[in-house]
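Visitor: Shown below is the structure under consideration.
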Amino acid sequence: GIQVEQSPPDLILQEGANSTLRCNFSDSVNNLQWFHQNPWGQLINLFYIPSGTKQNGRLSATTVATERYSLLYISSSQTTDSGVYFCAVAEWIFNKFYFGSGTKLNVKP
Amino acid sequence: NAGVTQTPKFQVLKTGQSMTLQCAQDMNHNSMYWYRQDPGMGLRLIYYSASEGTTDKGEVPNGYNVSRLNKREFSLRLESAAPSQTSVYFCASRSGINSNQPQHFGDGTRLSIL
Numbered sequence: 634g635i636q637v638e639q640s641p642p643d644l645i646l647q648e649g650a651n652s653t654l655r656c657n658f659s660d661s662v663n664n665l666q667w668f669h670q671n672p673w674g675q676l677i678n679l680f681y682i683p684s685g686t687k688q689n690g691r692l693s694a695t696t697v698a699t700e701r702y703s704l705l706y707i708s709s710s711q712t713t714d715s716g717v718y719f720c721a722v723a724e725w726i727f728n729k730f731y732f733g734s735g736t737k738l739n740v741k742p
Numbered sequence: 012n013a014g015v016t017q018t019p020k021f022q023v024l025k026t027g028q029s030m031t032l033q034c035a036q037d038m039n040h041n042s043m044y045w046y047r048q049d050p051g052m053g054l055r056l057i058y059y060s061a062s063e064g065t066t067d068k069g070e071v072p073n074g075y076n077v078s079r080l081n082k083r084e085f086s087l088r089l090e091s092a093a094p095s096q097t098s099v100y101f102c103a104s105r106s107g108i109n110s111n112q113p114q115h116f117g118d119g120t121r122l123s124i125l
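Taken in order, these protein sequences are the chains called A and B. Each position in the first sequence, counted from 1, maps to that position plus 633 in the numbering used here. Each position in the second sequence, counted from 1, maps to that position plus 11 in the numbering used here.
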């Protein structure tokens, strides 16, 4: 299967700071999603981004498929951004999804 | 708009007991998925169903069976529960296996096996 590596594993920010989360994957993919898992365990879709750049408010994401990585940018972080951020990818043929181990973000007031 | 609904939300079983986790979606999606999430880890795919009438193994299928009952419902069965199956189970659905659409997740079932 596809190996998915996320970095950093843990991140502590002061409210208002910016951050970049990275997702590296080992093979060609046709689907890449970023999720936020909130402290209640719910998985929230952030971006579906197999290639290119998207923005949604304070969040943006860029995927460079040819170089097998994706970046999630969080600007002006808020305490409600705390939780775990996951990257998930799916391969071309079988469409099985593989998740990274996540980046645990703690935004302090 | 309910999205993906999982039942039950919590369950405690004894080793050797059987149980079926239920999942239903109301988005007319073709593809459905079952994942497990162990503490401090990402989700791992157990089984998926690309369309009604088909099911395929994922990364960690041993000890589980699935049934795609109809387009809306996809159940996961533990025939003889083991402590190693203590986990949080998530169901997801997606428009289609070749669609440019994201997965949508239920809120999870927290399962403890003693």
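For each residue, glycine too, the CB sits at the ideal point set by N, CA and C. Computed from a predicted structure; not experimentally measured.
Apart from the five residues just before and just after residue 691 (chain A), which ones in its own chain have a Cβ nearer than 7 Å to its Cβ?
Guide: Same-chain partners within the cutoff: 707, 708 and 709.
Visitor: Is it right to say residue 664 (chain A) is buried, meaning 16 or more other beta carbons lie within 10 angstroms of its own, or is it exposed?
Guide: buried
Visitor: Any contact of the stretch 85-98 of chain B with the stretch 22-31 of chain B, i.e. 3+ C-beta pairs under 8 Å?
Guide: In short, these stretches touch, since the Cβ pair count reaches three.
Visitor: Taking Cβ to Cβ, would you say residue 680 (chain A) is nearer than 8 Å to residue 722 (chain A)?
Guide: no
Visitor: Given that a residue counts as buried once 16 or more other Cβ atoms are within 10 Å of its Cβ, and exposed if not, what is residue 114 (chain B)?
Guide: Around the Cβ of residue 114 (chain B), a 10 Å sphere holds 16 or more other Cβ atoms; the residue is buried.
Visitor: Looking only at its own chain, which residues have a Cβ that is under 6 Å from the Cβ of residue 21 (chain B), when we skip the five neighbours before and after it?
Guide: Counting only Cβ-Cβ distances below 6 Å, and skipping sequence neighbours, we find 121.
Visitor: Quick check on the DSSP output: the beta strand (DSSP E) that includes residue 98 (chain B) runs from which residue to which?
Guide: Where residue 98 (chain B) is concerned, the enclosing beta strand (DSSP E) starts and stops at 98-105.
Visitor: Can you list, in chain order, the residues of its chain whose CB lies under 8 Å from that of residue 98 (chain B), leaving out five sequence neighbours each side?
Guide: Non-local C-beta neighbours of residue 98 (chain B) in its own chain, meaning closer than 8 Å and more than five positions away in sequence, comprise 47, 48, 49 and 122, ordered along the chain.
Visitor: What would DSSP say about residue 86 (chain B), mapped onto helix, strand or coil?
Guide: strand
Visitor: Under DSSP, the beta strand (DSSP E) around residue 18 (chain B) begins and ends at which residues?
Guide: 15-18 is the extent of the beta strand (DSSP E) around residue 18 (chain B).
Visitor: First and last residue of the beta strand (DSSP E) that includes residue 40 (chain B)?
Guide: Where residue 40 (chain B) is concerned, there is no enclosing beta strand (DSSP E), given that its DSSP letter is neither H nor E.
Visitor: Terminal residues of the continuous beta strand (DSSP E) containing residue 724 (chain A)?
Guide: 716-724
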